[in-house]
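Chains as they are written, first to last, in the numbering used here: chain R, 26 to 766; chain G, 145 to 377.
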Amino acid sequence: MNTREEVIQAAMGWNLTPEEVDRIIEILGRLPNAVELALFGVMWSEHCCYKNSLHWLKQLPKEGKHVLKGAGEENAGLVDLGDNLACAFKIESHNHPSAIAPYHGAATGVGGIHRDIFTTGARPIAALDSLHFGHPEDRRSRWIMDGVVRGIGDYGNSFGVPTIAGEVYFDDTYRVNPIVNAMSVGVVEKDKIISAVAKEAGWKAFIAGAPTGRDGIKGAAFASVDLDLEEAEENLPAVQIGDPFMEKILLEAILEANEKGLIAAMQDMGAAGLLCSTSEMAARGKKGMVIYLEKVPLRHPSMKPWEILLSESQERMLILAEPEKVDELKKVFDKWDVPLTEIGEVIEEPILQYYFKGEKVAELPSYALAAGEGAPVYRRTWREADYRFEVLKFNPAQVPIPDWDEMLEIAKELVTNPTIASKKPIIRQYDHMVQIGNKNAWEPFDAAIMRVPYSNDKFIAVTTDCNPYYVYADPYIGTQIAVAEACRNIVCSGGEPVGVTNCLNFGNPYDPRVYWQFVRAVQGMRDICRQWELPITGGNVSFYNQSEEGPIMPTPVIGIVGIVHEPEKVVSMPFKQTGDIIVQIGPMIDDIASSQYLIFHHGIRHSPAPVFDIELEKRIQNFIGMLIKKQLIKSVHDISEGGLWIALIESAIYGNKGFEIKLPENGRIDGFLFGEIQSRVVVTIDEDNLNKLMNLAREYKVPAHALGTVTEKQIRINGHDWHDVNFWKELYESALEKYFD
Amino acid sequence: MRWGVVIFPGSNCDRDVFHVLKDVLGEDVHFLWHKNGSVEPLGEGDWIILPGGFSYGDYLRAGAIARLSPIMKAIKRHVEKGGYVLGICNGFQILCEAGLLPGALVMNTNGRFICQPQYVRVETSNTPLTNLIADGTVLNIPIAHKEGRYYVDNETLKSMYANDQILFKYSDESGVVTDTTNPNGSVDNIAGVCDANKQVFGMMPHPERSAEQLIGNDDGLQIFKSIVQWAGK
């Protein structure tokens, strides 16, 4: 490549624009060679440098009283758990790999996010997964679901981290392009946190773990274009293969070396492999690095320098160590039989130099590839999506109100709706009990409650949440609801939310309507987190989730970690005792908008997001937190998909009880029972405590309605007998089971 | 008495078992590294636990490589000298592979990993593991495995019954043992066995996973307490 025009021609193969080529020439002060162009091509891809999202992400609040390391400072955000303990957590997508190779795509997604966590020195203690598939009646969707669930299970089960929570949604918009988001939560002593910054010249650079192969080359680039099934076969080499045993011994070797103070800095190798980890660590420390690529242990000896730099082979780490600690470090890795190879060192001058067999194959300034520095940042144009007219036109008066016979049929549809039905057929394929701290293994709570191993009193609550129908209807409100509901789940489990991570799954950002969804979603998240002083400690953006069938619904998945300050007081979701009074905390409104009922029973996909009042939501959460603290309530369950009905029947099924309630008759009965109005929670209490609860509700300015009582088995609504709990239990538990036979 | 908990590189229940023995029961516990050719500092008559996990990745067959490890040779000698060993889950698989226990653990009938709380019925109280527990008692001890279907030939099975070597069977809450209470297709719903000398014990359920009321259940603690009681006699 001897001219700008030739470079521009070659750059098209890396999805770089002519403007970006000019930017590269300006940074280098010369034309790039072919290797350098490849490095820019991958590192300036959407997946690596967030060029179309960074402007908006920078507006998210990072500060909070518990925050130790904010977004972008290290590989994962860290919050303070007290008693010298810190919690690292992050969520990431592996959507495109899972679409074409569900098993390996999901497995390596799990492996990748755990590495992000233990690269901070934290031992992962919990995994969560937010999964969105097409309807399981569809063969392709079932193939993807089965592979993804096996992949998550086989990797996590072997690695020894319990998969304790998450969510599974089914909608045809995810048929070709599923959403597979994995979250990891780890714990580290505060003074043992490992930095990802190349601070000192002279530090030796090591590659640790698996040998480098051709798998996953251009994986980041593959994630940065629309999904094309025709080309999927060709892209299979972009999918990595996981080895959980290698990850396990890598983890143990690293934690032992860190315990002995032998690691100066570290970064995992994920997207764009060795290139990304060397350039990011150097850029953070404003230092340079010289790397000798022929020293990298290879699986295929014929690999070219650019392939070695870009390989996304799994289970690898870049470790920096002070020269005098190298011998000791090698001993630890020998003990665990983990390969550790010196490949270069940190240098004072902030440039990256890559050599191969004596020849310098690439040289560039350290900042050149870094997100928000050398890499470009764009604000694309956006336009409110056309379907919003349909949304705003929605008139509930045109939706017929069902009679009681139809109501019963709807109740059955909802209980067997795969998004709502019991996820036990999936959960049981995951080891959710290893590290012996998951309270939900014995009793369901709205969020997962996990003991920090092996404490007597240190517990956290974790959850992921995103109802994509609400976000589709109104990206701003819908994303606020996702944050609010995740917090509500934490609060209902006795926790105080302390940190937020997010995985923003959207379609192609060059489509102005998709970009509008993205911008509004980020703004919604920004505003609620600012108002509630919730720090966002990190996250991930996944664009290009679309195929010839169109974009997915916008799916900004929210992950939240909370601290459970008084674990002895937590209240679980099942009904406890016959005769207990059932109270709905929150507004009694007959709204049906964007409910599973409206979408799947009436087939109406365009309606506004459900009623949501951010001020009331906060009061409700404070109120619930207080009730748990005062030990006034015997069960608590958040109302979400499927409305009040599903909240009640789930508490009944898990408690092996029935219930009898009376709902208002001055309004839509379908709205009261199946509507998804936000800010609502079902609690049960002793009859003697009812007055006390009602007085407190007035004091906290939250609506509360006594609905009825817990019964032995029978279910009765407004005088109509709706079978007993065993009938519903059978429906609820068998709905998903059949897809795993 | 002393306890040893073996660490294979892919063990992942080693720390859980160690915690229960040390922190919950206040026992004297030591980790044993898989590359060690001896069980030091354990002495004759002490107890070794092979914990759950994926010893060396178990890509071939659970426990197939672990049986060749230096520590397993040392454990065989330990048993020959009258010592005791309990294999939990992967540990049970390894003991069968090593020929220290009869039978084999093969793929669950549904071909999937199964993790859930699990009722098991105690078949005999005449062992160190169960001496504090009455025959027929039902305990909730979780399972988590993909290769947990116990298989043994008829002949051997008969002799195992005759020698009182069947420890636990998968049951329902009230102790009824049927096909529907069998999660993985094990022969006769067998969840745990021992050798004829009652020195080597294997069980698929994880007693360390139901050992603290703080987390939700402590049925499994009775197994460890029984051993402590028995060893103190």
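Where is the CB? At the ideal position from N, CA and C, for every residue including glycine.
Could one say the Cβ of residue i lies closer than 7 Å to chain R's Cβ atoms, at least one of them?
{"i": "residue 288 of chain G", "result": "yes"}
{"i": "residue 201 of chain G", "result": "yes"}
{"i": "residue 333 of chain G", "result": "no"}
{"i": "residue 156 of chain G", "result": "yes"}
{"i": "residue 308 of chain G", "result": "no"}
{"i": "residue 211 of chain G", "result": "no"}
{"i": "residue 146 of chain G", "result": "no"}
{"i": "residue 256 of chain G", "result": "yes"}
{"i": "residue 160 of chain G", "result": "yes"}
Sort the options by Cα distance to residue i and report the nearest one.
{"i": "residue 286 of chain G", "options": "G/153, G/157, G/350, G/237", "result": "G/350"}
{"i": "residue 738 of chain R", "options": "R/762, R/683, R/759", "result": "R/683"}
{"i": "residue 538 of chain R", "options": "R/575, R/504, R/765, R/559", "result": "R/575"}
{"i": "residue 524 of chain R", "options": "R/84, R/102, R/42", "result": "R/102"}
{"i": "residue 173 of chain R", "options": "R/164, R/126, R/199, R/162", "result": "R/126"}
{"i": "residue 83 of chain R", "options": "R/365, R/34, R/482, R/403", "result": "R/403"}
{"i": "residue 133 of chain R", "options": "R/209, R/91, R/80", "result": "R/209"}
{"i": "residue 368 of chain G", "options": "G/199, G/203, G/231", "result": "G/231"}
{"i": "residue 472 of chain R", "options": "R/514, R/407, R/46", "result": "R/514"}
{"i": "residue 332 of chain G", "options": "G/236, G/298, G/262", "result": "G/298"}
{"i": "residue 449 of chain R", "options": "R/313, R/189, R/418, R/108", "result": "R/189"}
{"i": "residue 358 of chain G", "options": "R/623, R/57, R/591, R/385", "result": "R/591"}
{"i": "residue 239 of chain G", "options": "G/352, G/150, G/362", "result": "G/150"}
{"i": "residue 295 of chain G", "options": "G/284, G/337, G/223, G/224", "result": "G/337"}
{"i": "residue 306 of chain G", "options": "G/283, G/323, G/268, G/217", "result": "G/268"}
{"i": "residue 564 of chain R", "options": "R/557, R/509, R/585", "result": "R/585"}
{"i": "residue 503 of chain R", "options": "R/578, R/754, R/87", "result": "R/578"}
{"i": "residue 81 of chain R", "options": "R/545, R/309, R/696", "result": "R/545"}
{"i": "residue 660 of chain R", "options": "R/469, R/114, R/626, R/730", "result": "R/469"}
What does residue i touch in chain R if you count any residue whose Cβ is under 9 Å from its own?
{"i": "residue 197 of chain G", "result": "183, 185, 273, 459"}
{"i": "residue 163 of chain G", "result": "461, 478, 479"}
{"i": "residue 293 of chain G", "result": "None at all; the shortest Cβ gap to chain R is about 16 Å."}
{"i": "residue 167 of chain G", "result": "479, 481"}
Residue i touches chain R at which residues, Cβ-Cβ below 7 Å?
{"i": "residue 352 of chain G", "result": "461"}
From the beta carbon of residue i, is the nearest beta carbon of chain G less than 7 Å away?
{"i": "residue 679 of chain R", "result": "no"}
{"i": "residue 19 of chain R", "result": "Outside the displayed span of chain R (26 to 766) sits residue 19 of chain R, for which this structure offers no information."}
{"i": "residue 114 of chain R", "result": "no"}
{"i": "residue 178 of chain R", "result": "yes"}
{"i": "residue 543 of chain R", "result": "no"}
{"i": "residue 270 of chain R", "result": "yes"}
Give the residues of chain G in contact with residue i, contact being defined as C-beta atoms less than 9 Å apart.
{"i": "residue 754 of chain R", "result": "None at all; the shortest Cβ gap to chain G is about 15 Å."}
{"i": "residue 240 of chain R", "result": "Ordered by position in chain G, no residue passes the 9 Å Cβ test against residue 240 of chain R, which lies about 17 Å from the chain."}
{"i": "residue 358 of chain R", "result": "Chain G residues near residue 358 of chain R: none, gap ~12 Å exceeds 9 Å."}
Give the interface partners of residue i over in chain G, defined as CB-CB distance under 7 Å, in chain order.
{"i": "residue 455 of chain R", "result": "259"}
{"i": "residue 464 of chain R", "result": "359, 360"}
Using a Cβ cut-off of 8 Å, pull out every chain G residue sitting near residue i, in sequence order please.
{"i": "residue 168 of chain R", "result": "Within chain G, no residue comes near residue 168 of chain R; the closest Cβ sits about 16 Å away, beyond 8 Å."}
{"i": "residue 362 of chain R", "result": "153"}
Sort out for me which residues DSSP pairs residue i with in a bridge.
{"i": "residue 207 of chain R", "result": "R/117, R/154"}
{"i": "residue 528 of chain R", "result": "R/565, R/582"}
{"i": "residue 192 of chain R", "result": "R/155"}
{"i": "residue 310 of chain G", "result": "G/337"}
{"i": "residue 192 of chain G", "result": "G/148, G/229"}
Residues of chain R with a CB under 8 Å from the CB of residue i: which are they?
{"i": "residue 233 of chain G", "result": "Ordered by position in chain R, no residue passes the 8 Å Cβ test against residue 233 of chain G, which lies about 10 Å from the chain."}
Which runs of the beta strand (DSSP E) spanning at least 3 residues fall entirely within the region 223-257 of chain G, listed in chain order?
Complete beta strand (DSSP E) runs here, min 3: 228-232, 248-250.
Uninterrupted beta strand (DSSP E) stretches inside the region 328-365 of chain G (no shorter than 3 residues)
Runs of the beta strand (DSSP E) inside the region 328-365 of chain G: 334-338, 344-347.
Continuous alpha helix (DSSP H) assignments of at least 4 residues falling wholly in the region 425-513 of chain R
Annotation: the region 425-513 of chain R contains the following complete segments of the alpha helix (DSSP H) (minimum length 4 residues), in chain order: 429-441, 449-452, 493-498.
Could I get the ranges of all uninterrupted beta strand (DSSP E) runs contained in the region 334-421 of chain R, with 3 residues as the minimum, in chain order?
Every beta strand (DSSP E) of 3 residues or more that sits fully in the region 334-421 of chain R is shown, in chain order, as 341-346, 365-372, 376-381, 384-390.
Starting from the N-terminal side, write out each stretch of the beta strand (DSSP E) that is 3 residues or longer and does not extend beyond the region 668-755 of chain R.
Unbroken beta strand (DSSP E) runs of no fewer than 3 residues, entirely contained in the region 668-755 of chain R, are found at 683-686, 706-710, 729-736, 739-742, 745-749, following chain order.
Return the chain-ordered ranges of every beta strand (DSSP E) run that is complete within the region 57-136 of chain R and spans a minimum of 3 residues.
Entirely contained in the region 57-136 of chain R, the beta strand (DSSP E) runs reaching 3 residues are, in chain order, 92-94, 102-107, 110-118.
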